[in-house]
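In our numbering, the protein residues as written are 87 to 215. Ideal Cβ positions, reconstructed from N, Cα and C, are used throughout, including at glycine. Here the structure is a predicted model, which is why all the values come from computation and not from measurement. Written below as structure tokens is the structure these notes are about.
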């Protein structure tokens, strides 16, 4: 049966966001000439942040409730999302927020993935695994 690895999807979304924010302005500066504007497009930026948020919430919630009960990935992810939001608010300093945000979000997904894969762990009587 095919299962989606939401941690891998979250890491991919975070990396895609970083690539968009860091490289797209350098590589695709001709897009406005063609009538396409995704560079500094507030709606596109908010959509990317919301996608990262929803994937992260689903993935980390599942890992926390069903597998490891470790709050550290949630705390790290929350810090990363806070930095992404600050990146939007303080747009002139966005690179100071973007790189740590991506590192924190990817780290949270990695820790969640690693903790979900540990064998033989059940922490309470009401664990569903």
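Query raised in the report: Around the Cβ of residue 177, are there at least 16 other Cβ atoms within 10 angstroms (buried) or fewer (exposed)?
Result: Of the other Cβ atoms in all chains shown, fewer than 16 fall within 10 Å of the Cβ of residue 177; this residue is therefore exposed.
Report task. Name the two residues that bound the continuous alpha helix (DSSP H) containing residue 187. Result -> 180-202 is the extent of the alpha helix (DSSP H) around residue 187.
Query raised in the report: Whose CA, out of 188, 157 and 158, lies closest to the CA of residue 172?
Result: Of 188, 157 and 158, the residue nearest in Cα terms is 188.
Query raised in the report: Of the residues 184, 179, 156 and 100, which one's Cα is nearest the Cα of residue 141?
Result: The residue with the shortest Cα to Cα distance from residue 141 is 100.
Query - Whole-angstrom distance between residue 181 and residue 106, CA atom to CA atom - result: Here the alpha carbon of residue 106 sits roughly 12 Å from the alpha carbon of residue 181.
**Report entry** Residue from 90, 138, 94 and 91 whose Cα sits closest to the Cα of residue 103
**Finding:** Of all alpha-carbon atoms in 90, 138, 94 and 91, the one lying nearest the alpha-carbon of residue 103 is that of 138.
Query - Three-way DSSP call (helix, strand, coil) for residue 154 in this model - result: Residue 154 falls in the helix class under three-state DSSP.
Requested in this report: Go through its chain and collect everything with a Cβ distance to residue 96's Cβ below 6 Å, but skip five positions before and after it.
Outcome: The beta carbon of residue 96 is closer than 6 Å to those of 141, 142, 145 and 195 in its chain, skipping five residues each way along the sequence.
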